[in-house]
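A.B. asks: Reading the sequence shown from the start, the letters are residues 86 to 378 in our numbering. The C-beta atom is built at its ideal place from N, Cα and C for all residues, glycine as well. Note that this is a predicted model, so its numbers are computed, not measured. The structure is given below, and queries will be raised subsequently.
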Amino acid sequence: MNSHLTGAQTLLPRIDWNIRFFGAHTQTVPADWSMTTESHHAFEILIVLDGAQETRMDHEQFIVNSDDILLIPPGFEHTNKCISATSMTYFCAHFDIDEPSLRMRIMKNCDWVYTPSHLYHSQLKKCLQTWIDILHEPELSFTKAKLKAQIVLFELLEVLVDIQPVQTEIRTNQSMTTAKYAKEIAEAIKRAFKKNCTQGNSDYTLHIQPIIASLGISPNYGLEVFQKIYKMSPRTYLSDLKLQEAKILLQQPRISLNEISNRLGYKNLSHFSRQFKRWTGINPSDYRKNNGV
């Protein structure tokens, strides 16, 4: 027996993350282009490839010139407009990681604009340039493109967690607090849902307001901030969790439809089937057939 197995062991961290990467594209816009105020529940990262844009965010104005990189945190309302005399070309992408401590570390430590003179600009640009290169590989298969894009996302996250802010003041503004509370609520809902799924209790009901109150947050305020950040109610978020779990379970042929229905907390299979059809337009059996199960 190896001696290192008998004493204290050093284990790699358990990974239980949901990662999303979407909306990555390049675009050229005319001189009079602008967008209305918006906010996302994911991070947005953007590099201006040619021209310049003005971004207004969190009551501040930012001028993003060619080769500058802009990072917009979740929940921050912002507007963008082209301020070039002719046109502007940019690349942007959205990403999210379902890990609260990592999200908050990025939000607290990262600056919003990275000019070429910034210490971390070259590392960030390298990641963005790789995504742009993937867009321009016509022979690359869809699966290979997804894998390559995800590898770059992990490399980008590694850079972001190492960044120390140039601005030394601690960011405690309202947008930061709102995003923090919304994410805590989402995590609590997800934990409660997963716990019930694991136990397999049929006909369980998750009550949103007690979950919010257990975090020391006023239920009414919690509902408000959740809607602001996620653009949906906590109840709709729970429905999305159920749908994603249902799709995962349906792709496992050894798990019966009745067991799936029980795990998701429905009174009976017909109730689950009706709800699944509302979500997807097809019943669970047809979903299995369509996915070769």
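#1: Can the beta-carbon of N165 be found less than 7 Å from the beta-carbon of T140?
#2: Report buried or exposed for F176, applying the criterion of at least 16 other Cβ atoms within 10 angstroms of its Cβ.
#3: Is the stretch 179-188 touching the stretch 122-131 in the sense that three or more CB pairs, one from each, lie closer than 8 Å?
#4: The alpha helix (DSSP H) spanning R348 covers which residue range?
#5: Is any heavy atom of the ligand PLP found at a distance shorter than 6 Å from the C-beta of R359?
#6: Going by the CB atoms, is the gap between A234 and S167 shorter than 7 Å?
#7: Please look up how many angstroms separate the CB atoms of L300 and A273, rounded, as I've assumed it's under 8 Å.
#8: Go ahead and pull the three-state DSSP assignment for R105.
#9: What is the DSSP secondary structure of R339, reduced to helix, strand or coil?
#10: Let me confirm a value: T263 is counted as buried when at least 16 other C-beta atoms fall within 10 Å, else exposed. Which label applies?
#11: From M173, N103, P98, K316, pick the residue whose C-alpha is nearest to that of K275; which is it?
#12: Going by Cα to Cα distance, which pick from D135, D325, S370, M173 is closest to I340?
#13: Thinking C-beta only, is N376 closer than 7 Å to Q337?
#14: For A267 and T174, I'd like the C-alpha separation in whole angstroms.
#15: Nearest CA to the CA of A146: which residue from L96, V198, S226, K193?
#16: Rounded to a whole number of angstroms, what is the C-alpha to C-alpha distance between D196 and D247?
#17: Buried or exposed for A109, going by 16 or more other Cβ atoms inside 10 Å?
#18: Who are L155's beta bridge partners in DSSP?
#19: With S151 and G136 assumed to form a contact (beta carbons below 8 Å), what rounded beta-carbon distance in angstroms separates them?
#20: Are the beta-carbon atoms of F239 and I270 separated by less than 7 Å?
#21: Could you tell me the distance, in whole angstroms, from the CA atom of C212 to the CA atom of I219?
#22: Give me the Cα-Cα distance between R134 and P98, rounded to the nearest whole angstrom.
#23: Would you tell me roughly how many angstroms separate the C-alpha atoms of E142 and E309, rounded to the nearest one?
#24: Express the C-alpha separation of K332 and P223 in angstroms, rounding to a whole number.
#25: How many angstroms separate the CA atom of E162 from the CA atom of S355?
#26: Work out the CA separation of K374 and T257 for me, nearest whole Å.
#27: From the DSSP output, which residues share a beta bridge with S172?
#28: In the DSSP assignment, find the unbroken alpha helix (DSSP H) run with E240 in it and report its ends.
#29: Give the straight-line distance between the Cα atoms of I296 and S303, rounded to the nearest whole angstrom.
C.D. replies: Well, looking at it:
#1: Along the sequence shown, one-based indexing puts residue 165 at 80. Along the sequence shown, one-based indexing puts residue 140 at 55. Between N165 and T140, the C-beta spacing is below 7 Å.
#2: The residue given as residue 176 occupies position 91 in the sequence shown. Flag for F176 reads buried.
#3: yes
#4: As a first step, residue 348 must be located in the sequence shown, where it is residue number 263. Its alpha helix (DSSP H) spans residues 342-348.
#5: In the structure on display, the ligand PLP does not appear, and there are no ligands present to speak of.
#6: Taking the sequence shown and counting its residues from 1, one reaches residue 167 at position 82. Taking the sequence shown and counting its residues from 1, one reaches residue 234 at position 149. Looking at the sequence itself, residue 167 is Cys, so the reference to Ser does not match. For C167 and A234, no; Cβs fall outside 7 Å.
#7: Taking the first residue of the sequence shown as position 1, residue 300 is located at position 215. Taking the first residue of the sequence shown as position 1, residue 273 is located at position 188. L300 to A273, Cβ: 6 Å. Contact.
#8: In the sequence shown, the residue the question calls residue 105 occupies position 20. It is a strand residue.
#9: Taking the first residue of the sequence shown as position 1, residue 339 is located at position 254. R339 falls in the coil class under three-state DSSP.
#10: Against the sequence shown, residue 263 aligns to sequence position 178. Buried, by the Cβ-count rule.
#11: Your numbering for residue 275 matches position 190 in the sequence shown. Residue N103 is the option with its Cα nearest to K275.
#12: For the purposes of this step, residue 340 is taken as residue 255 along the sequence shown, with counting starting at 1. For the residues D135, D325, S370, M173, the minimum Cα distance to I340 belongs to S370.
#13: Along the sequence shown, read from residue 1 onward, the residue named residue 337 stands at position 252. Along the sequence shown, read from residue 1 onward, the residue named residue 376 stands at position 291. Going by C-beta atoms, Q337 is not nearer than 7 Å to N376.
#14: Taking the sequence shown and counting its residues from 1, the one referred to as residue 267 is at position 182. Taking the sequence shown and counting its residues from 1, the one referred to as residue 174 is at position 89. Cα-Cα distance, rounded: 33 Å.
#15: What you label residue 146 is simply residue 61 of the sequence shown in a count that begins at 1. In the sequence as displayed, the identity of residue 146 is Gln instead of Ala. For the residues L96, V198, S226, K193, the minimum Cα distance to Q146 belongs to V198.
#16: Numbered from its first residue, the sequence shown carries residue 196 at position 111. Numbered from its first residue, the sequence shown carries residue 247 at position 162. For D196 and D247, the distance between alpha carbons rounds to 12 Å.
#17: Sequence index remark: in the sequence shown, residue 109 carries index 24 (1-based). It is buried - the Cβ of A109 has at least 16 other Cβ atoms within 10 Å.
#18: In the sequence shown, counting from the first residue as 1, residue 155 sits at position 70. Looking at the DSSP assignment, L155 forms a beta bridge with L131, V198.
#19: As a first step, residue 151 is located in the sequence shown; it is residue number 66 there, counting from the start. As a first step, residue 136 is located in the sequence shown; it is residue number 51 there, counting from the start. Correct: roughly 6 Å between the Cβ atoms.
#20: Sequence index remark: in the sequence shown, residue 239 carries index 154 (1-based). Sequence index remark: in the sequence shown, residue 270 carries index 185 (1-based). In this structure, I270 does not lie closer than 7 Å to F239 by Cβ.
#21: Position 127 of the sequence shown, counted from the start, is the residue given in the question as residue 212. Position 134 of the sequence shown, counted from the start, is the residue given in the question as residue 219. For C212 and I219, the distance between alpha carbons rounds to 11 Å.
#22: Residue mapping note: residue 134 aligns to position 49 of the sequence shown, counting from 1. Residue mapping note: residue 98 aligns to position 13 of the sequence shown, counting from 1. The sequence shown places Leu at residue 134, not Arg. Their Cα atoms are separated by approximately 38 Å.
#23: Translated into positions along the sequence shown, residue 142 becomes position 57. Translated into positions along the sequence shown, residue 309 becomes position 224. For clarity, residue 142 is Met in the given sequence; the question names Glu instead. One C-alpha to the other measures close to 21 Å.
#24: Taking the sequence shown and counting its residues from 1, the one referred to as residue 223 is at position 138. Taking the sequence shown and counting its residues from 1, the one referred to as residue 332 is at position 247. Their backbone Cα atoms lie some 31 Å apart in a straight line.
#25: Start at 1 with the first residue of the sequence shown, and residue 162 comes out as number 77. Start at 1 with the first residue of the sequence shown, and residue 355 comes out as number 270. Computed Cα separation, rounded: 42 Å.
#26: Within the sequence shown, the letter at position 172 stands for residue 257. Within the sequence shown, the letter at position 289 stands for residue 374. Note that T257 scores a pLDDT of 47, beneath 50, so its modelled location is shaky; the value from the coordinates is reported in the next line. So the alpha carbons of these two residues sit roughly 51 Å apart.
#27: If you number the sequence shown from 1, residue 172 lands on position 87. Looking at the DSSP output, S172 shares a beta bridge with P115.
#28: Position 155 of the sequence shown, counted from the first residue, corresponds to residue 240. Its alpha helix (DSSP H) spans residues 227-247.
#29: As a working note, residue 296 is residue 211 in the sequence shown. As a working note, residue 303 is residue 218 in the sequence shown. In this structure, the alpha-carbon of I296 lies about 10 Å from that of S303.
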